[in-house]
Each structure stands twice: as C-alpha cells, then as structure tokens.
Amino acid sequence: MNVAVRHGLIQILVVIACLLLFAGSPVHAQSSQDDKAPVSPIDVPNPGAELWNAVRERGGAEPTQQHPLTAIWEDVLQQQDTAAKSQARSADATSMINASGDQWRQLRREQLIPYGGALLLLSLAIVIGLSFVKRTAHYSESDMIIRRFKVPSLVGHWLMAGSMLFLAFTGLVLLFGRFTLLPLTGSDFFSAFASASKEGHDLFGPIFTFALIIFFFQFVSKNMLHYRDFVWMARLGGLFEKKPLKAGFFNFGEKTLFWLVIFFGIALSVSGFAILFQNLLPGRDLMLLATLVHAVSAILLICLVIGHIFMALSTKGTMDAITTGDVDANWAKADHSVWYEQMKEAGHIRKRIAHASDDAGKEIPVAEVSAEQTGAS
Amino acid sequence: MFTDFIDGPFWTFSVSVFAIGVIWRLISIIRLGVPGDLAVPREDGGAGGMRTILSRFMARPAVRKRALLIVVAGYMFHVGLFALLFFAQPHIDFYVDRFGVPAWAGMPRWLFILTAEIAFAGLIMAWLYRVMHPVTRMLSGIGEHTASWLVFFVMLTGCLALLEQYDSLRVLHFFLAELLLIYFPFSSLMHTFTFAFSRNYTGATMGRRGVDA
Amino acid sequence: MARMKFYCDAERCIECNACVTACKNENDVPWGVNRRRVVTIKDGEPGERSLSVACMHCSDAPCAAVCPVDCFYTTDDGVVLHDKDICIGCGYCFYACPFGAPQFPESGAFSSRGKMDKCTFCAGGPEETHSSDEQRKYGSNRLAEGKLPLCAEMCSTKALLAGDADIISNIYRERVVNRGASVLDWGVSYEKASLRESRNMKGKVSE
Amino acid sequence: MSERLEKGIQALRDKMDARIASYFSSCVHCGLCAEACLFATESQDPIYTPIYKLEPMRKVWSREYSFWGKLGAMIGVTDNVTEEDFANWETLVYDSCTMCGRCSMVCPVGIDITYMIRKEREAFVAAGYTPEGLQAATERAINIGSPMGVTLKTLQATIRSVEKETGLTIPMDVAGADYMALFSSMEIVNFEEYIAGLARIFKAAGVSWTVSSKGFEATNSGIQIGDPEAAKTIVERVVSAAEELGVKSVISPECGHAFMAIRWEGPNLIGRQYPFKVIHILELLSELHENGSLQLEGMTDTPLTYHDPCQISRRGGVIQQPRDLLNSVASNFQEMSDGGDMNWCCGGGGGVSANERADEIRLQAFNIKKKQLAELDGVETIVTACANCRLMLEDGLEHYELSHEVTGLTELIAEHIKQ
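Protein chains in written order, with full-length UniProt numbering: chain A, 1 to 377; chain B, 1 to 213; chain C, 1 to 207; chain D, 1 to 419.
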C-alpha cells in the first residue's frame, strides 16, 4: 500500500474512532451514580444531605423521595444567583449552589478518564501492532535531492512539536497521574511532580500557541484543498490501486492532519487560555466547559500525533524531510509526483553535497570538494 | 542531606569556580596583548570601541533581512534571560539573601511569566535553528549543545518550581544552576563577558579607520 | 462516630457577617479569601433570606473526586480536609464544588494563585495538632479542643449550627415545629418543648 | 611532524594575541557570518562559513588556550592541526575569502574574522600552502616590482600614450612635489584612463604632483598572500621613493587593497610612522572639490550606481566621499541595496582574482552582484573606485551575460572638469 495513503487513512480512522467512543458515552449518564455505595449513609434527616439531594435533583434527575425540609432550600435554589448578593467578592460568591460542577465531575471521572485513557492506549496498541508489519522501501535512493522545507519551517514545526510533546506529557500526568503514577510513587513525590507538571504546562501553553500561529502561516498555503484531493478522497486514497495517486506538496491525508492539528490546536489554545486566565472569566460554567474542551481536544490530538509520529518514523525518507529539510528526489517522485514535476521544471533538483555530514563532525573531506571545483578551472 | 549539600558547600564551590574561572579566563586573554597600530588614525580608537560595544546590540539590517529567525530568536532569548536573571523577584530575593546586596525592584508577576515565555521560545528556536540550519549544524559541537541544554534545563526547572512550595524542585533548579556556573568559565558561555572585549578590539581597529563597525 | 455538619437556618440568618469575621479572625484567613460567605436573596424585597455558606463537608465530596493529586481526605468526624503540601493549586475542586467552597488564595493568572484554601470546620489539617505549621497553613484546630467552629459559636441568632448531624437535625426539627408559636408559651421558650406536641401546635413550614 | 607543518603551527601559535583569543572565546557558532559571506550565501554550502575558514587556527587556540582543548591534548583526544588540514583549508582560506570584512560587520559578538584570516594566511605562507597564482604574483612583485610584471618601461610607455592623448605632461620624479601618485598594475596595463583622468584633474586643480620611477606600484601581493616580509619590502619601496622625493602626501590609487596596505598596514609592517601623509584619491578629489580648487560642471542623467570596493569603504573608511562626488556629477545616482559599508564584494578581492583556481566559485559568488543590480531601476552603468573590482565586475557581468558598463570614479570626475 502506498505509504502516504496509509498515513492519511490511519489518521482518519483514529479520529473516527475517537469520535465514536465519545459519542457512545452519554454525557449526562447518571446510571453509574446508582452503583456507587454511599460513603457513610446517614439515616437521620441531615441538613447537609438534604441540600445535597436538592443539588442532585437539580442536576436533571427525577426528584427522588423529597424530604419536606428540602423545600426550605427550594426558595434559595430557585433564586440561583440572579438577585443574590454577598459581601464576599470572590469568584461566583453570589452563586449559592451550582450543580454543573458535579456534572463535570461525573463526566471527568466516568467518561473522560476511562474512555480517554482507553483511546490513547488503543492508539498506541494500533501503532505498535502496525510496527510489526514488515514494510518494503517504496523508492530507491538516488544522489539527487530536493529542498522540501526551509529552515524557518523546520524550526516552526519542531517548536510546535516539542512544546506539544511537553504539554502532552505534563497534561497526561495531570489527567491520569492520580490513577497511574500516584499509587506507584506516593503522595510526596507525585505532588511535587504534578506541581512541576502544572507549572510547566502553564508556561509552555502560550509557547505552543505562539508556535501554532507561526506554523499555521508557514504551512497554510501548501494545505489548501485541490481538486486532486477530492479525487484522492473519492478513490479512497488509492488504497485498492496499484499505483500511488497523484499528490502535490502534501497529499489529502497530510492536509487532513494539518487542518485537524490547527483545529484542535485552536481549541486547545482558546480553552487553555481560558483556564490560565480563569480569574477573568464571567462564571464557573465557562471554566468547566474550557477544561472539558481542553481535555477532549488534547486526547484526540495526541492520538493523531501518535499516528503521525509512527508514520514519520516508519516511512523511509520521511524523517529526512523534517530534520534536514532535504528529501531524496525518488522519494518525492514516489509520494508527491505533482510536486516533483514542479520542482523538476523549476530546476530545483540538485546533487547531494558529498561532504555535508550529519553528525556535526569537523572531519569534512574538503579536499574532494576543492578538487571538484578546481577541476573545472 | 542532599539539600544541605547543594545549598551549602556545593554552592560555595560552584560560585568560587565561576568567579575564579571567569577572572582567570579574562586575564589570560588580556595577558596576550594586542600589537599597537602605527597608522595615523582618522578617529579615536577608544571611541570606536565603545561605539561598537553598543552598536552591535542592534543587528545590522543587512543580516536581519537574511536571517530574521535567528536574530529574533536570539533577541528573545537574551533579553528574556537577562530580565529573568536580574529582575525576577525570586532571584532578587536570592541575591539579597546570599550576597547581602540591597534589594532592587523586580518585575511584576505577569511580566515575569511573559519574560519566561519569551526566553523559552527564543532558546528553543535558537537551538532548533542550530540543529536545523546546515551552517550551524556543521559548526556546532558538543560544547554548544551542552551549553544550550544546560541553560534550558536550568530555565525549565526554574519554571517548574514556580509555585515556590516544593523544596525538591527548588533544589533541583539550584543544583542545575550550580552546574551551569561551574561549566560557564570553560565554555563559550564566556561570551557573556568576552563579547565586550571582542567588540572593543574590532571597534577600536575599525574606529581608527573611520568606519562605524 | 459523629458526622460533623453545618446547618444554616434561613429563617434566622440576619446577614450580620459575624460568622465570616469570626472565621477570618480565628483562622487568619488572608485578605480576599472567604472560607465562609453570606449570600442574600431578594435583598430588600419581601421574602428576603440570607444564608451563610461554606464547605458542607459532603459525604461524597466532588472536590475530592476531581483532585488530580488526591489531596482531600475525610476525618473520622466526617470533616473534609485537604493537604496543602500536596495541593498544586489547579482549581479543579473549585470547579467541582457546588458551593464554591475551595478558594484560590490569590486571583492572578497562571500559577500565581497559590494553593487552595477552604473551610476546615475549625479542625486544622494533616499537620500535628496545634503545631505552628498547622496554624499557619490551615488555621485553628478547635475541634481537637472539644470546641465547635467559631462561626457557629459566634452566630448571634443561632442561625448557623455546627456539630454532629444527628444533634443539629434534632435542633432544627424542633425549630421548624416550634416556628410561629408564641414565645410566651412556657413550653416553647423553656425546656419542655415536648409540650407543644400535646397542644397540637403546628409549626410554620413553608410548604 | 614535518618541518613545514611545524612551521605552520608555530606561526599560528605566534599570531595568537588578545584579539584572537577573545574572538575564539566569544564565538558561539551562531552562523550569522555565513549570511554575510557572498561565497556562503551564493553556494548555499555551509563549508564557506567564514568562521569555519578559521578552523586550523581555532584548533591551535583550543589546544593551547582552552581548558577542554588542553585537557584533551593531555590525554590525547584533541587532535592537532595536520598537514591535511592545511591542504584542505588552503582553498577555503585563499579561494573563497576576499577578506571583504562583511562577516566582521555582522558578528553579534564583534569578531573580526577578516583580521584572523589575514593572520591565518600568514601561517599558511609559513607552512607553504598557498595558491600558485598568488605565489607567482608575489614573486613577481618582489623581483620585477609588480604582481602583473609591469616594469618601469611599461609605465613609461603608458605615460607616453597618456601624454599623447591628453596633451599634458606627467611629471616624473619631481622632488618637492606636494603629492606622489601611485598606480596599480592594472591601471597601468588595462585602465590608462585613470592616469589620464588624474593628469587632467590635477592640471585643472593646480595640484603639484609627481610619479616616482622607483616606487610607482601601489598593489601589495605580500598583504594578500599573507607574507609580512614581502609586504614589508613592497611598502618600503614606496616609502623610500616618497622620502627621496620629499613629497608631502602619497596618493593611493583607485585600488582597494593597495590603500589598505599603504595606509593602514604599511606603518605597522615597516615598524615606524611615515614622514608623509597617505591619502586615497577619492579623499583627495573630495577635498579638492570641497575647497573649490576642483570645479565641476555638467550633470549626467545616465542612471548609475556605485560599487563600494571593500577595502576602501568597509575596511578603509572612505564611504561618504565617493557619494558626494557622484552626486555632484550625476543626477540619477542610485544606491545598491546594502550599499555603503555593507556592500557586497565583487568576489575578487584579497588575492582571489590572482588565483585562477578560484574562478568557478568566484563567478558563482558574483551572482549576488547580479541580484543587487537587478533591483536597480534602469541602471546600466556601474561606477567603482578599484581597478581590481572593475576587472572582476567586467568578468562577472560577461559571465552572466549582462550588458552593464563599468567605469572608474576618477575618470567620471575628469569628464566633468569645468574648462
């Protein structure tokens, strides 16, 4: 199968899988609530418990057996914070009760963490499974190269990639650490680690946004959809055809990845800034929404990136493009035939410089080059 | 135990290595001497040296046009790091505590954070440029990468310890900063000081010829 | 074991904010942080009611459920406390709490908000009881001295009740039943409250 | 270790002064110098990075002046400069560096790479790794008196031809004249218009001047190749001729490195100050024009631009004078982008033009001039003030099939003398 095609398909599949998983889990599921054994049931009428019950009922469920005393609170509850006043000036001070926090908690504990974690593991498993599939090189190396990315583009990509990986790591620590790391490391270590993760996450977030903006402007013109891409889509990316389909600088799969990264990146940035500057947000509901959007986009983006990294590492010649900026001419011919033709026409195919050493070594055979140069004169 | 060592003897050691090393390096440069210039100067060399020390803080348009990325990244990192080193409140408190100097005004918290963001983005971009650009990739050796990563980790641990609550994080930051201090005199990080020498030598020579170098 | 609860009687609260003041004073709560606050609805209108709100020390506390570092714990007395040495100041407990009880000590952006602060039911924290660390981080530990939270103790109208849930439930139930009765009635004003049962006096319940 | 290698290393060691030590201590390998070097930008080959051309010198510095280098040398991991290095770097140091000094202007830590290249070339001379063309030129300069083999007879023939054309007498060996003019071989051989222009201008301005038959050659191959002894011999020739005639000033001709050699390096080479002044012809013309002794008339409306010879503007400090002069005779003078002290080199300075081996890379580097010229609006005439630049520009223009005309500034001024 054509590599680029597989690249695109895996990414699309991963995204669909993500969406299905989330769609399958009812957001306001209350069912699991019932299974939970109360911590310590109190038989006596308990004012705290009553208030609590009232809150739960307002959360959307049918009123259960209503204690007459709860009615006292109804007055308060119905007023919510519309006309309430308080001497306290802190956030949400006038809102006496806000049930959405509890819904958020349920969503987080019962859907986001288990399903999100499963999705991440599933993506990893798919990638690990695929890495056992033996792949033959799809082109033979030549001594001609084409410049694919200029240095600012490379820097833009890696600045975004680097900050994204750091954010992913620290973010996952905050989301899943309590259930995975904490039992292993103990509270003291995990607390310092989580604090470091949080501070690092906070600080690197804006760097990711900065990188995303730069990245967007660097790559957007190459990711505009072309009629070729609709052909690509219609023929399922050439999955069942022998010859790879025509592709320009980027194929449809890569363009899809770009736009998804931009989409999730914007979602992450906007929600991330909302969380960072939550003291400026008007109410708690927005904060809750922001954290949910943030977590869901992050998990989906990480799944995409897992696929992206796998494709880049497992496809011969691809890492060259994003580390040195140069690609083998045959690589371009195989995967990006249209672009290859353009480059060929413009005369941008050049010979590999023999002495360009990748290991930053100082031992460069200059003599050969100078001989080459002087030979002509 | 570890904390006491890092915060005690090791700190004294690293500061001493830094101070003695830097002074030794500078003296060994000056000791080599500069040959005099017998040509009748157009302008005063001293003024030229001073002018170049200052004027090279601005990148020339000729190079700014061609290498915008590294110029911008360089500015972001250097200005950011300078501000963090000398105007971040925790650092000022530290200097006051350790060296008994009178306190000076620090940056407000929001500016502190913003500066850290800028410095980080600059450092990462500069390092990426180093490994991505064929020229810098060829030129850079282990020394440059060590220096970049050491500075990065010092900054990173500093920002991880932003909550200023965990001693372990503070000590980690402190320890890496001490390693940096020790590494400093033996590396091209010395350009922090020798840049003035170099600019002065060049500026003086060119100044005598009437060129604003 | 007892389960400690607060209860605020909306019929009695006069929005004097003495509970807030008492709390701040007793626990040295920093300026801007309100472990307890008084909320008034229909201010200046008929049917005005006030309530003093703080941590309700829930049995199934949402704050504890969402904390990414699991720093909340429930004492034997049913008081929900958190460990500030473990808290990383993320604010999730503040999101989850229906009462807005956990508070950021500061209001800046980024990480400048510090570690969360919340009502301790005047039960201190995980530090050694009555140690200076405990006092500095969490405030006083009245419960260990056998005293109830100062906010409730200070309440001039006894609107705010604190203590074992069973006991304050009973007190409250009596109040509800007695409401509307003449204070001149012996059984109402004095101890023999049970008299009203036999007199068939119906309490004023707002149903 | 062979003797020549030892000599080379010893020379590198001897060149080490505070400047070089400070420069190597400061370099963070930021790569900005590559953005300023015409060989690096036009070839896109990192090997032409200016600071990389100093690698042999840096190796010696590292071994003997840096902690890690010393430590490495002690345990035998830091390798010393080898003969191979000298052989490999010879092309970098001589073929792909014109010592134009552009890199020295952009270095953020202020490293004067040009200064170090000159010092490094001295070590290459000591070790005997020099390009044949330059070597031969230096030998000719020492033995015959001019790198191009111009003898007094050639000069006399040129002078006769100029005298015939202009009807003026060129004063030879006049003792007590105010100014003694020097020429570069190329002017004598290729651009006698310069000598004619000079004669006309001095006649019009009433300047008392002369040409010495003993020291008329201004160029200095010793400086280019990096041979202080040869350079000293060549400078001394001029100095003794000037002292013999008792002139007040010596005029450096329209030649870049000649000005640098006689004006800035000369006193240091011979180890004493001159009893006369050294002035560049453009400085003199500007001075004469300003004090009114040189009256100009007529403005040409031909669009023209000025190519700054590196050693005159960037490394010599004569930047404003040519612009003032041009503006007084041309109404459509256009500045090239990066003109002035950041102008791009013609590619042939610093001995590269005398080094045939470098032709290919030199012509590739000339592409930058092509780009600069393309930005201008209808300019078909390039004015310059260096015979070598002029030759190199003509060569490059021909190679890129451009039709621009190249002329000397002195000639242009001579055309506008008020009769």
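For glycine and all other residues, C-beta sits at the position ideal for the given N, C-alpha and C.
Q | Cβ neighbours of Glu-134/C in the same chain (closer than 7 Å, five flanking residues each side left out) | A | Gly-124, Gly-125, Glu-127, Glu-128 and Asn-141
Q: Find the nearest neighbour of Gly-141/B within the set Asp-112/D, Leu-134/D and Trp-68/D, judged by alpha-carbon distance.
A: Trp-68/D
(Q) Tell me which residue opens and which closes the beta strand (DSSP E) that Asp-93/B is part of. (A) Note, Asp-93/B: premise wrong, no beta strand (DSSP E); alpha helix (DSSP H) at 89–99.
Q: Could you list the residues in the segment 180–207 of chain A with a C-beta less than 7 Å from some C-beta on chain C, going in chain order?
A: Leu-182, Ser-187, Phe-190, Ser-191, Ala-194, Ser-195, Lys-198, Glu-199 and Asp-202
**Q.** Unbroken stretches of the alpha helix (DSSP H), 4 residues or longer, contained in the segment 254–309 of chain D
**A.** 256–259, 266–270 and 281–290
Q.
For Val-125/D, which residues in the same chain have their Cβ closer than 7 Å to its Cβ, ignoring the five residues on either side in sequence?
A. Ile-225, Gly-226 and Asp-227
Q. Per DSSP, what kind of secondary structure is Tyr-129/B in: helix, strand or coil?
A. helix
Q: Identify whether Gly-49/B lies in helix, strand or coil by the three-state DSSP scheme.
A: helix
Q: Find the residues of chain D that neighbour Arg-198/B, judging by a C-beta separation of less than 7 Å, and give them in chain order.
A: According to the sequence displayed, residue 198/B carries Ser and not Arg. Those are Ser-22, Tyr-23, Ser-26, Val-109, Gly-110 and Ile-111, listed as they occur along chain D.
**Q.** Unbroken alpha helix (DSSP H) run spanning Ile-214/A, endpoints
**A.** 187–219
Q: Give the secondary structure of Gly-36/B by DSSP, where H, G and I count as helix, E and B as strand, and everything else as coil.
A: coil
Q: Could you tell me which residues DSSP puts in a beta bridge with Ile-145/A?
A: Asp-328/A and Arg-350/A
Q) By Cβ distance below 7 Å, which residues in the same chain neighbour Arg-148/A in space, the five residues on each side in sequence not counted? A) Ala-321, Gly-325, Asp-326 and Val-327
Q | Per DSSP, cross-strand counterpart(s) of Val-8/C | A | Before going on, a small fix: residue 8/C reads as Cys here, not Val. DSSP output for Cys-8/C lists Leu-160/C as bridge partner(s).
Q.
Using 8 Å as the threshold, is the C-beta distance between Cys-37/D and Tyr-48/D below it?
A. yes
Q: For Gly-74/B, return the contacting residues in chain D, with the cut-off set at a CB-CB distance below 8 Å.
A: Cys-30 and Pro-108
Q: Please compile the residues from chain B whose C-beta is within a distance smaller than 9 Å of the C-beta of Ala-18/D.
A: Ile-29, Ile-30, Arg-31, Leu-32, Gly-33, Val-34, Phe-197 and Tyr-201
Q: Please classify Glu-243/D: is it buried, with 16 or more other beta-carbons within 10 angstroms of its beta-carbon, or exposed?
A: exposed
Q. Shorter than 8 Å from the beta carbon of Leu-281/A to some beta carbon of chain B?
A. no
Q: Closer than 9 Å, Cβ to Cβ, to anything on chain D: give me those residues from the segment 171–188 of chain B, in chain order.
A: Pro-185, Phe-186, Ser-187 and Ser-188
Q. Quick one: does Gly-317/A have its CB under 8 Å from some CB of chain B?
A. no
Q: Count the other CB atoms, across all protein chains shown, that sit within 10 Å of the CB of Val-20/C; report buried if there are 16 or more and exposed otherwise.
A: buried
Q: Specify whether the segment 127–145 of chain B and the segment 156–172 of chain B touch according to this definition: at least 3 beta carbon pairs, one from each stretch, less than 8 Å apart.
A: no
Q: Could you tell me whether any Cβ in chain C is nearer than 8 Å to the Cβ of Ser-31/A?
A: With a pLDDT of 37 at Ser-31/A, under the threshold of 50, the modelled position of this residue cannot be trusted, and the question is left open.
Q | Neighbour flag for Gly-101/A against chain B, beta carbons, 8 Å | A | no
Q | Unbroken stretches of the beta strand (DSSP E), 3 residues or longer, contained in the segment 216–255 of chain D | A | 249–252
(Q) Assuming the contact rule is C-beta atoms closer than 8 Å, Gln-334/D and Met-260/D should be a hit. Round their C-beta distance to whole Å, please. (A) Not a contact, Cβ separation roughly 27 Å.
Q: Between the Cα of Pro-90/B and those of Gln-165/B, Phe-10/B, Phe-2/B and Ala-67/B, spot the shortest distance and give me the residue it belongs to.
A: Gln-165/B
Q. Would you call the CB atoms of Ser-240/D and Ala-218/D closer than 8 Å?
A. no
Q. Over what stretch of residues does the beta strand (DSSP E) that includes Ala-181/D continue unbroken?
A. 179–181
Q: Please go through the same chain and pick out, in chain order, the residues whose beta-carbon is closer than 7 Å to the beta-carbon of Phe-10/B, but skip the five residues on each side of it.
A: Glu-178
**Q.** CB-CB length for Ala-332/A against Met-343/A, believed under 8 Å
**A.** 7 Å
Q: Please confirm whether Gly-177/A and Ala-194/A have their CB atoms less than 8 Å apart.
A: yes
**Q.** Alpha carbon of Ile-171/C to alpha carbon of Cys-151/C, nearest angstrom
**A.** 17 Å
Q) CB residue 449/D to CB Leu-134/D, shorter than 8 Å? A) Residue numbering for chain D in the displayed model covers 1 to 419; residue 449/D lies beyond these limits and cannot be assessed.
Q.
Quick check on DSSP: helix, strand or coil for Glu-15/C?
A. coil
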